[in-house]
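Residue numbers (our numbering), protein chains in the order written: chain A, -6 to 235; chain X, 949 to 1354.
Ideal Cβ placement from N, Cα and C applies to all residues, glycine included.
Since the model is a prediction, treat every value here as computed from it, not as a measurement.
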Amino acid sequence: MIDLTDIKKIYATGDIQVVALAGVDLHVGAGEFVSIMGPSGSGKSTMMNILGCLDTPTAGQYFLDGTDVSKASGNQLAIIRNQKIGFVFQGFNLLPRTTALENVELPLLYAGLGAKERKERALLALESVGLAKRVHHRPKELSGGQQQRVAIARALVTRPAIILADEPTGNLDSRSSEEVMAIFQRVHEDGNTILIVTHEPDIAEYTRRIVRFRDGHIEGDERVQNPRKAMPQVEEEKGAVS
Amino acid sequence: MNFLESLRVSLRALKANKLRSMLTMLGIIIGVGAVIAMVAIGNGASASITSQIQGLGSNLLIVSPGQSNSGGVKGGAGSANTLKMEDLPKIQAAGSAVKAVAPSANKNVQVVYGSGNTSTNVTGTTAEYAEIRNVNVERGHFLTQQDVDGSARVAVLGPTVVENLMGSSTANVIGKTIKLNNVPFQVVGVTASQGSSGVMNNDDMIFVPITTAQMRLIGNKYLRQVFVEAASADMMQTAQEEITTALQKAHHIRAGKPDDFSIMNQADILATMQGVTQTMTMLLGGIAAISLLVGGIGIMNIMLVSVTERTREIGIRKAIGAKGRDILSQFLIEAVVLSILGGGIGIAFGWLGSNLVGKALKLNASMTVSSVLMAFGFSAAIGIIFGVFPARKAAAMDPIEALRYE
Chain A
-6 MIDLTDIKKI YATGDIQVVA LAGVDLHVGA GEFVSIMGPS GSGKSTMMNI
44 LGCLDTPTAG QYFLDGTDVS KASGNQLAII RNQKIGFVFQ GFNLLPRTTA
94 LENVELPLLY AGLGAKERKE RALLALESVG LAKRVHHRPK ELSGGQQQRV
144 AIARALVTRP AIILADEPTG NLDSRSSEEV MAIFQRVHED GNTILIVTHE
194 PDIAEYTRRI VRFRDGHIEG DERVQNPRKA MPQVEEEKGA VS
Chain X
949 MNFLESLRVS LRALKANKLR SMLTMLGIII GVGAVIAMVA IGNGASASIT
999 SQIQGLGSNL LIVSPGQSNS GGVKGGAGSA NTLKMEDLPK IQAAGSAVKA
1049 VAPSANKNVQ VVYGSGNTST NVTGTTAEYA EIRNVNVERG HFLTQQDVDG
1099 SARVAVLGPT VVENLMGSST ANVIGKTIKL NNVPFQVVGV TASQGSSGVM
1149 NNDDMIFVPI TTAQMRLIGN KYLRQVFVEA ASADMMQTAQ EEITTALQKA
1199 HHIRAGKPDD FSIMNQADIL ATMQGVTQTM TMLLGGIAAI SLLVGGIGIM
1249 NIMLVSVTER TREIGIRKAI GAKGRDILSQ FLIEAVVLSI LGGGIGIAFG
1299 WLGSNLVGKA LKLNASMTVS SVLMAFGFSA AIGIIFGVFP ARKAAAMDPI
1349 EALRYE
């Protein structure tokens, strides 16, 4: 699914050259659930931007779902982001003053789908994250956890090749975090490829593989022996009531 | 993303900021409204002046005396006493292009009838005046040749004079005796209302025979003007030349010396006046167009603010697959919608304004289709021109930077 060969990213600010990525090789297969960890300044954010086709590497090759995207133009990158990548951000990044449904429809709008199909698919995606009853709420009217679930629905709605989540639980309390991770685990079980950038070891334990970054290269790459199973309290509450 | 979807997105953004959108549009509303109103009022003024000049009479030439020259001090045109009744038959006989001739000598007089008292202008003239100057008589009759020949003390009143004297313009005044500067005159007719032409009220006039006027009211033999009707519109130039030759001969003016009279041609007056009003219209329209330009800059200003403010939104849209083109069209459409909507409202205000001013000034302020189309096209163009820069700025944003923007 993802094939990185000797990816380098060098920022030139004046005379000083900052090496953000110093030759990274990484392979992520279809259906993997990977967390990328590392201290700040380790290059994991740069990695995320390149993986998400928001940025292109200075050198190296990046094959995403069989296509070389390392030399793509701005417009081509936009199309790739739209069709192959689903983003989940730390700050949710939903459009304010826009309902959950419309937020989820947005990627389909840019994909050029008709209004009817957009709505159907967006409703399905919202249903899959348990927000079928909140489709007409605006972000302000939703809790942090619910907003992040809308963002996940927005990432899923295009049926992308990979889902990239940048600190998806960074702004959430532990209960909402568990909720969100439960959704990621279920999405993974449905066969999706997921990469999560996080600095919280607890969160990484929910995934199946941990890639550790330090000083612009990969320091460690291990399988998670016993991945934690997220137990969302929402369901527990339901059980308690019935 | 197709055009309709972009339009929907843009409209929603404008609706989210109603007050700001309204204020931004205000510049365009005022600009377009002003252009439309100014052009309509200018056209109305031009049309009214044209109709007034044409209402003076058809194929009209006006012969005026020359400048007075006493001791080297030159007076204004028409101030000299060089036209006399004796010139009339010579002008009449000047050539085949001259159809009719009527003299005129004026004086302001005090008019008294019973307790009614007013001051107005008396024109001494002949029977031909009615035909040449398109004066219609509503009641009674106009001056006759016999009145002129016999220096009769008869008068034809304008409706305003009747109203001023008797309280109503329809009062029965025929056969009554009025006093002009204490000279009794019998009223033989009342003219039909012609309306006012600019500063002159054509209804506030009294006509008496030229002979009576010279003898009893003015006290000299000179004429202020001679009105000549040319045989046809094509003959006006010929008539002018014929009269010039005839008068030069009559006044013994040698070749190369300045004439002691001047001839104005209705067509020339018309062209001059139309030139003046056209210049005025263009001037006013130009000033209004500048306000339209200022409105356009207002749009650009607000769009720039809006782009900066929505940096994060732009980042989100780009991250989930919006191309530069999508962002560009979104912001461009916003700007164009603002300007076109403003233009539409401006046209409505311009129509309203030109109607109100037209009513107040008694003009037919006609809004032309061309000025509406021009204002509309202009405002759309302003939206595009002033929208492109902010929209390009938005489209060129780096998604990573934009997402990081707080």
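- Here X/T1229 carries a helix assignment [DSSP, helix/strand/coil].
- At a beta-carbon threshold of 8 angstroms, the residues of chain X lying near A/F80 are A1267, I1268, ordered along the chain.
- Residue pairing by DSSP puts A/Y55 in a beta bridge opposite A/L(-3).
- Note that the C-beta distance between X/D1095 and X/V1104 is not below 7 angstroms.
- Taking all protein chains in view, the Cβ of A/S63 is crowded by 16 or more other Cβ atoms within 10 Å, so the residue is classified as buried.
- With three or more CB-CB distances shorter than 8 angstroms, the stretch 0 to 13 of chain A counts as touching the stretch 41 to 59 of chain A.
- The beta carbon of A/N68 falls within 7 angstroms of a beta carbon belonging to chain X, placing the residue at that interface.
- Distances from the alpha-carbon of X/G1098 to those of X/A1161, X/T1068, X/M1153 put X/A1161 closest.
- By the 16-neighbour rule on beta-carbons within 10 angstroms, X/D1035 is buried.
- Taken atom to atom, the span from the alpha-carbon of X/L959 to that of A/R74 is near 26 angstroms.
- Nearest C-alpha to A/T151 among A/G163, A/P100, A/D183: A/P100.
- The beta carbon of A/V81 is closer than 6 angstroms to those of A144, I145, A148, A158, P161 in its chain, skipping five residues each way along the sequence.
- Of all alpha-carbon atoms in X/M1184, X/M986, X/T1259, X/A1296, the one lying nearest the alpha-carbon of X/K1341 is that of X/T1259.
- Cβ proximity to chain A below 8 angstroms picks out R1260, E1261, G1263, I1264, R1265, K1266, A1267, I1268, G1269, A1270, K1271, G1272, R1273 from the stretch 1240 to 1273 of chain X.
- C-alpha of A/T92 to C-alpha of A/L119: approximately 12 angstroms in a straight line.
- With respect to chain X, the C-beta atom of A/P100 has a partner C-beta closer than 7 angstroms.
- For A/Y55, the nearest beta carbon of chain X is not closer than 7 angstroms to its own beta carbon.
- Going by DSSP, A/H181 is part of the alpha helix (DSSP H) stretching over 167 to 182.
- In summary, the residues of the stretch 127 to 149 of chain A whose CB is separated from some CB of chain X by less than 9 angstroms are R147, A148, in the order they occur in the chain.
- One alpha carbon belongs to X/V1135, the other to X/T1193, and they sit about 39 angstroms apart.
- Counting every other CB atom within 10 Å of its CB across the protein chains shown gives X/L1321 a total below 16, marking it as exposed.
- Each of A/E134, A/M224, A/L188, A/S169 was checked against the Cα of A/L44, and the nearest Cα belongs to A/L188.
- Here X/L1309 is exposed, its C-beta having fewer than 16 other C-beta atoms within 10 Å.
- Using a Cβ distance threshold of 7 angstroms, X/P1157 and X/A1100 count as a contacting pair.
- Interface annotation for the stretch 189 to 221 of chain A against chain X: empty, criterion Cβ-Cβ distance under 8 angstroms.
- DSSP places A/Y103 in the helix class (H, G or I) of the three-state scheme.
- Within the same chain, and ignoring the five residues on either side of X/I1001 in sequence, the residues whose Cβ sits closer than 7 angstroms to its Cβ are Q1214, I1217, L1218, M1221.
- With 16 or more other Cβ atoms from the protein chains shown falling within 10 Å of its own Cβ, A/N96 counts as buried.
- Non-local C-beta neighbours of A/G163 in its own chain, meaning closer than 6 angstroms and more than five positions away in sequence, comprise Q83, ordered along the chain.
- With fewer than 16 other Cβ atoms inside 10 Å of its own Cβ, X/V1317 counts as exposed.
- For the C-beta of A/D(-4), not a single chain X residue is nearer than 7 angstroms; the gap to the nearest is close to 22 angstroms.
- Taking a beta-carbon distance threshold of 7 angstroms, X/E953 counts as an interface residue toward chain A.
- Secondary structure of X/Q1214 (DSSP, three-state): helix.
- At a cut-off of 7 angstroms between beta-carbon atoms, A/Y103 makes contact with chain X.
- Inter-residue distance for X/F1326 and X/S1012 is about 48 angstroms (C-alpha atoms, whole angstroms).
- In the DSSP assignment, X/Q1058 forms a beta bridge with X/S1067.
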